[in-house]
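The structure appears below as C-alpha cells.
Numbering (this note's numbering), first residue to last: 2 to 298.
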C-alpha cells in the first residue's frame, strides 16, 4: 500500500497545475507566489520554530546555501509557473516539467561527478526530440521562425531551476532534517518574494483567489512534501521518483474535465517521447555511476 503515498503526491501536484491556470484570471502571479509560501510558513511555524531554534548553530553556516536553494526551488521555479500559466496549457506545463529528472542528470555531470552512459544520452535525445515536436506543434519550421511560446520558455527555466535545486541539495548534504531545511528555505522565499509583491501592488486576497492560494500553500507545499518524504522512506528514492512520470498523465486528465483542454496529437506524440526518454534515463540511473534522485523537499 506504500505506493499510494507517491501516487497521492502526484495527484496533488497535478491539481496544483490546474490551480496555476485557474489563478491567471483572479490573482497576480506575484501575489500568489508570495502568499503561497507565507501561509505555508505560518502553518508550519508552531511545529518547527523550536526545532529550528535548537539547530540554529548547525543552520548558521548553511544560510547562504539555504537562501540560494529557496531562490531556485521556491522563488524562481514556483513563481515562473504562475507567469507561464497565462500563455500555455496545464498539459504543456507538466510535460515540460517532466524533464526535471533528465535535467538533473545533466547537472549532475559537473556537480556530482557522474558520467553519462550511452543509454542516458539516447534517452536525452529522445526526450529532446519529443519536446521540440511538441513545442513546434509538429512543425519544426514553426519553432525556427516563431520561437518558443513565452509560457513554455518560463517552464523550461523553471524546470531547469528545480533540477539544479535537487542536485545541489544532494551535493551539499545539509546536516539537519528535511523539515528544518524546508522551513528555513520558506523564510528566505518569503523575504525574496516580499519586494516582488509590493512592487506589483496587489497585496490583498479576494474570496475567489483565497481557495487557490490555500491549495498551493497547504496540500501542495506541506502535505505533498510530507507524502513524498514518506514515499522515499518506505519505497526508496529511485522507485518514488518514477511516479513523477505520472504527473503529465493526471494533469492532462484533470485539464480535460476542469479546463476543457484538448490533448492534441502533437502533445500526445511529443509528450510520449519526452516521458519515454526520461524513463530510459531513470531506469539507468539505478546504477551507482548514474544515480540521480530529485528530492522535492
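Even glycine gets a Cβ: it sits at the ideal position worked out from N, Cα and C.
From a predicted model like this one, the values you see are computed outputs, not experimental measurements.
Span separating the alpha-carbon of residue i from that of residue j
{"i": "residue 57", "j": "residue 185", "result": "10 Å"}
{"i": "residue 129", "j": "residue 163", "result": "18 Å"}
{"i": "residue 246", "j": "residue 49", "result": "32 Å"}
{"i": "residue 220", "j": "residue 259", "result": "19 Å"}
{"i": "residue 108", "j": "residue 54", "result": "33 Å"}
{"i": "residue 98", "j": "residue 105", "result": "12 Å"}
{"i": "residue 181", "j": "residue 121", "result": "34 Å"}
{"i": "residue 174", "j": "residue 223", "result": "21 Å"}
{"i": "residue 279", "j": "residue 243", "result": "9 Å"}
{"i": "residue 298", "j": "residue 154", "result": "Residue confidence for residue 298 is low, a pLDDT of 40 falling below 50, so the modelled location carries little weight and cannot support an answer."}
{"i": "residue 42", "j": "residue 179", "result": "14 Å"}
{"i": "residue 206", "j": "residue 257", "result": "28 Å"}
{"i": "residue 237", "j": "residue 200", "result": "43 Å"}
{"i": "residue 197", "j": "residue 31", "result": "6 Å"}
{"i": "residue 87", "j": "residue 95", "result": "14 Å"}
{"i": "residue 67", "j": "residue 167", "result": "12 Å"}
{"i": "residue 191", "j": "residue 40", "result": "10 Å"}
{"i": "residue 282", "j": "residue 239", "result": "12 Å"}
{"i": "residue 73", "j": "residue 261", "result": "32 Å"}
{"i": "residue 310", "j": "residue 271", "result": "Residue 310 lies beyond the range of the chain shown here (2 to 298); nothing can be said about it."}
{"i": "residue 234", "j": "residue 170", "result": "17 Å"}
{"i": "residue 29", "j": "residue 149", "result": "23 Å"}
{"i": "residue 214", "j": "residue 81", "result": "16 Å"}
{"i": "residue 294", "j": "residue 267", "result": "Confidence at residue 294 is low in this model, with a pLDDT of 38, below 50, so the placement of that residue should be treated as unreliable; the coordinate-derived value is given next. Between residue 294 and residue 267, the C-alpha separation is close to 29 Å."}
{"i": "residue 19", "j": "residue 79", "result": "14 Å"}
{"i": "residue 248", "j": "residue 12", "result": "7 Å"}
{"i": "residue 140", "j": "residue 5", "result": "39 Å"}
Limits of the alpha helix (DSSP H) - the one that residue i falls within
{"i": "residue 175", "result": "Taken as a continuous stretch (DSSP letters only), residue 175 belongs to no alpha helix (DSSP H), as it is neither H nor E."}
{"i": "residue 283", "result": "266-285"}
{"i": "residue 65", "result": "64-71"}
{"i": "residue 192", "result": "179-201"}
{"i": "residue 261", "result": "Where residue 261 is concerned, there is no enclosing alpha helix (DSSP H), given that its DSSP letter is neither H nor E."}
{"i": "residue 220", "result": "Looking at the DSSP string, residue 220 is not in any alpha helix (DSSP H), and its letter there is neither H nor E."}
{"i": "residue 238", "result": "238-243"}
{"i": "residue 58", "result": "57-60"}
{"i": "residue 4", "result": "It is not in any alpha helix (DSSP H) - residue 4 carries neither H nor E in the DSSP assignment."}
{"i": "residue 247", "result": "Here residue 247 belongs to no alpha helix (DSSP H), and DSSP marks it neither H nor E."}
{"i": "residue 214", "result": "211-216"}
Of the listed residues the options, nearest to residue i (C-alpha basis)
{"i": "residue 89", "options": "138, 70, 66, 118", "result": "138"}
{"i": "residue 10", "options": "251, 119, 70, 75", "result": "251"}
{"i": "residue 24", "options": "193, 7, 175, 85", "result": "85"}
{"i": "residue 176", "options": "60, 77, 270, 82", "result": "60"}
{"i": "residue 183", "options": "226, 214, 208, 195", "result": "226"}
{"i": "residue 208", "options": "158, 232, 27", "result": "27"}
{"i": "residue 45", "options": "5, 64, 218, 158", "result": "218"}
{"i": "residue 276", "options": "135, 192, 151", "result": "135"}
{"i": "residue 92", "options": "152, 232, 233, 188", "result": "152"}
{"i": "residue 100", "options": "214, 169, 192, 158", "result": "158"}
{"i": "residue 187", "options": "7, 77, 263", "result": "77"}
{"i": "residue 7", "options": "274, 231, 269, 119", "result": "231"}
{"i": "residue 1", "options": "204, 110, 70, 65", "result": "The chain is shown only over 2 to 298; residue 1 falls outside these bounds and no answer can be derived."}
{"i": "residue 69", "options": "266, 193, 123, 115", "result": "193"}
{"i": "residue 212", "options": "4, 64, 37, 15", "result": "37"}
Residue i Cβ short of 7 Å to the ligand NAP heavy atom set
{"i": "residue 231", "result": "In the structure shown, the ligand NAP is absent, as is every other ligand, since no ligand is present at all."}
Whole-angstrom C-beta distance between residue j and residue i, which should lie under 8 Å
{"i": "residue 172", "j": "residue 117", "result": "Not quite, the Cβ-Cβ distance comes to about 17 Å (not below 8 Å), so this is no contact."}
{"i": "residue 103", "j": "residue 125", "result": "6 Å"}
{"i": "residue 21", "j": "residue 216", "result": "About 10 Å separates the two Cβ atoms, so there is no contact after all."}
Item to check | Inside the region 62-126 only - alpha helix (DSSP H) runs reaching at least 4 residues | outcome: Within the region 62-126, the complete alpha helix (DSSP H) runs of at least 4 residues are 64-71, 78-85, 91-98, 101-113.
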